[in-house]
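In what follows, a single structure is set out as structure tokens and then discussed.
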Amino acid sequence: MPKSNAQEENMAHLSAERGKATRQRLLDAAVALVPEVGWGGVTTRLVAERAGVAPGVVHYHFASVTDLLVAAGLGFTSGLLDLLATELTARQDVGEAVDWLLGELSRYSGTDPASLLVVEMFLAATRLPELREGLGEQVGRFRATVASWLVERGYRGDPAAAAAMLAASVDGIMLHRALDPGLDPAALGGLLRAMFGKGAS
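Start counting the sequence shown at 83; every next residue gets the next number (this note's numbering).
Spelled out as structure tokens, the structure:
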């Protein structure tokens, strides 16, 4: 008996949902593997094993392991930067926002999976134009959001430069935390607050 249009549409929908779920498992596997074995150490076999699929499934969804890693990495950093920007700009006082951000950074040791993934991505971006462009766009959006927020809070200095300095401070603190686990981000609060305070109303 031939299937009805409704049945065919339902089967197509279920197939699409399974495909999306499988793709997400592959992305999650890549995000977990990069901190463990490094960007260059991730292989089709490792991703397939971690995701619980056959190796051929990886290349069904992604043209190459590099394409998978770029998509996985950019998905992770997009979520992280969007969250930081949302939480930071929800605060009314610039000093309070700086303190919150440094407290948030204290959760990362510099050698935790999230920090290692970001460091690996920055290194890979020096070789992969598509990754460099994607990261650049994400960081640019974060800086633009922070700059607009500073203007709304009456910041009288150069908001774009201040936002760039804040973003660079975040990256630098995380890199230094990997080298110096005893570095307490909260101890840097006074300096950052003073920097922003000079331009605040």
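Think of the CB as a built atom: it goes at the ideal place given N, C-alpha and C, for glycine as much as any other residue.
Selection from the options that minimises the alpha carbon distance to residue i
i, options, result
"glycine 157", "Gly122, Val113, Leu210 and Thr125", "Val113"
"serine 230", "Thr104, Ala153, Thr171 and Gly161", "Thr171"
"phenylalanine 224", "Tyr142, Gly134, Leu166 and Pro241", "Leu166"
"alanine 276", "Arg214, Val180 and Pro241", "Val180"
"serine 251", "Thr193, Gly264 and Leu184", "Leu184"
"valine 228", "Val135, Glu219, Asp240 and Ala245", "Ala245"
"methionine 247", "Leu273, Glu234, Thr193 and Arg214", "Leu273"
"glycine 236", "Val147, Thr193 and Phe278", "Phe278"
C-beta contact flag for residue i and residue j at 9 angstroms
i, j, result
"aspartate 253", "serine 188", "no"
"glycine 120", "glutamate 212", "no"
"valine 139", "alanine 133", "yes"
"leucine 191", "alanine 269", "Sequence inspection shows serine at residue 191; the leucine mentioned does not correspond to that position. No."
"leucine 162", "alanine 111", "no"
"valine 200", "threonine 168", "no"
"threonine 104", "histidine 141", "no"
"leucine 150", "leucine 210", "no"
Rounded distance between the beta-carbons of residue j and residue i, thought under 8 angstroms
i, j, result
"alanine 249", "valine 221", "6 angstroms"
"arginine 127", "proline 117", "Between proline 117 and arginine 127 the Cβ distance is about 18 angstroms, and since that is not below 8 angstroms, they are no contact."
"alanine 207", "leucine 198", "Going by Cβ atoms, the distance from alanine 207 to leucine 198 rounds to 15 angstroms, so no, they are not a contact pair."
Residue i, DSSP secondary structure in three states
i, result
"threonine 104", "helix"
"proline 263", "coil"
"threonine 125", "coil"
"serine 146", "coil"
"serine 191", "coil"
"alanine 269", "helix"
"arginine 238", "coil"
"alanine 172", "coil"
Neighbourhood of residue i by C-beta distance below 7 angstroms, restricted to the same chain and skipping five residues each side
i, result
"glycine 264", "none"
Cβ-based neighbour list, residue i, same chain, cut-off 8 angstroms, excluding 5 preceding and 5 following
i, result
"alanine 205", "At residue 205 the sequence reads leucine, which differs from the alanine that was named. Correct list, in chain order: Trp121."
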